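Position 431 (the sequence shown) corresponds to 452 in our numbering; numbering is contiguous. Positions of the beta carbon are idealized from the N, C-alpha and C atoms, including for glycine. Because the structure is a prediction, the values reported are computed rather than measured.
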Amino acid sequence: MRTKKSIYNLLVAIIGHVGIVIANFFSRKIFIDHLGIEYLGVYSLFNNIIAVLSLAELGIGIALIYCMYEPLEKNQINLLKALMEFYKKIYISIGLFILLLGLCLMPFVQFIVSEEIPNIEIIFLLSVVNSTITYFLAYKRSILIADQKSYIVNFYHYVFMLITIMVQIIGIIIYPSLIVFLAISAIFKVIENILILRKANNIYPFIINTKGCRLSKEYKANIFKHMKGLAYHKVGSTVSHSSDNIILSIYTTISLVGIYSNYLLITNTLKTIVGQGFQSITASVGNYITTKKENEQIKLFNNILFSNAWIFGISSLILFFTFNLFIEMWIGENYLLNKYLVAIIVINFYLIGYRKAVITFKNAHGLFWQDRYKSIVEALFNILISIILVQYFGLLGILIGTFISNLFISYWIEAYVLYKYGFKVSVINYYFQSLRYIIDLLVIFVAILVILNLMNLTNFSLVVQFISNILITLIIVTFFILLFYKNDNRFKFFLNIIVKTLKLLTNKIKRRA
22 MRTKKSIYNL
32 LVAIIGHVGI
42 VIANFFSRKI
52 FIDHLGIEYL
62 GVYSLFNNII
72 AVLSLAELGI
82 GIALIYCMYE
92 PLEKNQINLL
102 KALMEFYKKI
112 YISIGLFILL
122 LGLCLMPFVQ
132 FIVSEEIPNI
142 EIIFLLSVVN
152 STITYFLAYK
162 RSILIADQKS
172 YIVNFYHYVF
182 MLITIMVQII
192 GIIIYPSLIV
202 FLAISAIFKV
212 IENILILRKA
222 NNIYPFIINT
232 KGCRLSKEYK
242 ANIFKHMKGL
252 AYHKVGSTVS
262 HSSDNIILSI
272 YTTISLVGIY
282 SNYLLITNTL
292 KTIVGQGFQS
302 ITASVGNYIT
312 TKKENEQIKL
322 FNNILFSNAW
332 IFGISSLILF
342 FTFNLFIEMW
352 IGENYLLNKY
362 LVAIIVINFY
372 LIGYRKAVIT
382 FKNAHGLFWQ
392 DRYKSIVEAL
402 FNILISIILV
412 QYFGLLGILI
422 GTFISNLFIS
432 YWIEAYVLYK
442 YGFKVSVINY
452 YFQSLRYIID
462 LLVIFVAILV
472 ILNLMNLTNF
482 SLVVQFISNI
492 LITLIIVTFF
502 ILLFYKNDNR
512 FKFFLNIIVK
522 TLKLLTNKIK
532 RRA
């Protein structure tokens, strides 16, 4: 049942996100054509500022989802009702606080943007409103996610994202305005969240009326302990990931923020697709570790780590050899970054993605407190290096700051905490596994590079080069993975998940036909 739910969650996440990806790329092209790269830079910058404002959430969502695993497993209705009531009060307070912060910051946003942009305050206010809507309406989605039904949440989200994007495209063609673009998003976000709330009420009718349900002081203290640990992670990761565009805007131009955001759209899209897959299995992992011993948990972790390493490894190779080809086909050669910037963007993508298996198991174990200072150190380290290097190397300096903080802080500490407090064994085996994957990846990278140079496809059209690079990369990767791992149980686990997913998808298509 766990595997089936995980696959349902994964299928909806991937299929839905592929649709969003196609719509988003088309929408981004229309956005640039009708509003310009400067407004794209403003839109991306404000999203990063809002992410920093959203630090007020402090990871309460993850903490509460973790707290629901056991009561759902044991059907503890009263405890679940109390959690829902607590969640509602906390999130409404957070939403109001973020809205107030946004209003206070609104008069100063013009000093962050390096160029003159009309109606900049109204654009910022609408960005804040878009962010806070979910806090007022979406607290009940947590029980769906904790109960391994995130595919329901994702279904509504992706359907309304597609509708939103289509209406936004029509809106900015008729009336080119970022204000219109953001207002449309806000309207459909309200509708989406109301429908998810109603769906949760239908599945779990006991959460319709939670008034008067209270958690004990001891239980609240346990939640707040998890929250405190998560708060450090939330602050650190948000500041670390959101600071790049803010620093870039202050020290360079808003246009460069817009150009860089096109590359981020692609890497973030891939991270989100795989991330949705990991979010889909987190509840299953949480359920699994409540019933299994450490050695069985480690076996499952190693299988998932293998899958994670190669999903991100293959994605990184394809990205490196097709990134600029795709950007040029999509929006034109005027929006390209040089090969050194592309290389460091791809390396950062892989490093951040590789950590997902560890983070998934850490969250499922509730290990939020043990490495609470790690994210703060990472964020401060990242910002300090970025501010120093951006003045000499521009965007490259910022990306190097992200690389150093990821490799030398997060990668080592997260795994150490999981193995020490979760699995209760030495972490050395994890480091050796990681080294093996990186060496294999480098061997494959060199092989692809040599073959593509020998073939010299530069005289062909961009489309031919793009498709050829993908096919050649996939063929060479498949050859080497089979060469290295064909008899490995981790590889068999990976293939088994793919086969089960394809069978489930095929059966669903047959039933609908």
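- The continuous alpha helix (DSSP H) containing residue 396 extends over residues 395-414.
- Per DSSP, residue 136 is not a residue of any alpha helix (DSSP H), being assigned neither H nor E.
- Taken through DSSP and simplified to helix, strand or coil, residue 392 comes out as coil.
- A Cβ-Cβ contact shorter than 8 Å links residue 339 with residue 491.
- If the five residues before and after residue 116 are omitted, its C-beta is found closer than 6 Å to the C-beta atoms of 153, 156, 157, all from its own chain and listed in chain order.
- For residue 461, the enclosing alpha helix (DSSP H) begins and ends at 449-476.
- Proximity to residue 400 across 126, 263, 191 peaks at 263, based on C-alpha coordinates.
- DSSP places residue 500 inside the alpha helix (DSSP H), whose first and last residues are 483-506.
- Residue 197 carries a coil assignment under DSSP once its states are collapsed to helix, strand and coil.
- C-alpha of residue 323 to C-alpha of residue 382: approximately 11 Å in a straight line.
- The Cβ atoms of residue 105 and residue 164 lie closer than 8 Å to each other.
- Each of 409, 454, 475, 107 was checked against the Cα of residue 238, and the nearest Cα belongs to 107.
- Relative to the Cα of residue 185, the nearest Cα in the group 162, 41, 112 belongs to 41.
- Here residue 266 really is in contact with residue 65; their C-beta atoms are around 6 Å apart, less than 8 Å.
- Contact fails between the region 476-495 and the region 355-362, because fewer than three Cβ pairs, one in each stretch, are under 8 Å apart.
- Its chain contains 284, 288, 420 as the residues whose beta carbon lies nearer than 7 Å to that of residue 366, once the 5 sequence neighbours on both sides are disregarded; these appear in chain order.
- In this structure, DSSP gives residue 162 a helical state, which the three-state scheme calls helix.
- Residue 241 sits in a helix when the DSSP states are folded into three classes.
- In the displayed model, residue 353 falls within coil according to three-state DSSP, outside both helix and strand.
- Counting the other CB atoms within 10 Å of its CB gives residue 446 a total below 16, which places it among the exposed residues.
- In this structure, residue 144 sits away from residue 209, with a CB-CB distance that is not shorter than 8 Å.
- Boundaries of the alpha helix (DSSP H) around residue 108: 98-126.
- Annotated as distal: residue 388 and residue 462, with beta-carbon spacing of 8 Å or more.
- With a threshold of 16 other beta carbon atoms within 10 Å, residue 233 falls short and is exposed.
- In the DSSP assignment, residue 362 falls within the alpha helix (DSSP H) that extends over 360-375.
- When the Cα atoms are used, residue 205 and residue 167 turn out to be separated by approximately 30 Å.
- Taking all protein chains shown into account, residue 369 has 16 or more neighbouring C-beta atoms within 10 Å of its C-beta and is therefore buried.
- It is roughly 10 Å from the alpha-carbon of residue 476 to the alpha-carbon of residue 493.
- In the structure shown, the three-state DSSP call for residue 510 is helix.
- Taking a C-beta distance under 8 Å as the contact criterion, residue 202 and residue 195 do not qualify as a contact pair.
- Residue 398 sits away from residue 352, with the two beta carbons spaced by 8 Å or more.
- For residue 432, the enclosing alpha helix (DSSP H) has its first and last residue at 432-438.
- Three or more beta-carbon pairs separated by less than 8 Å link the region 55-62 to the region 274-284, which places the two stretches in contact.
- Distance check between residue 479 and each of 268, 343, 244 places 343 closest, using alpha-carbon atoms only.
- Remark: C-beta atoms of residue 207 and residue 147 approach each other more closely than 8 Å.
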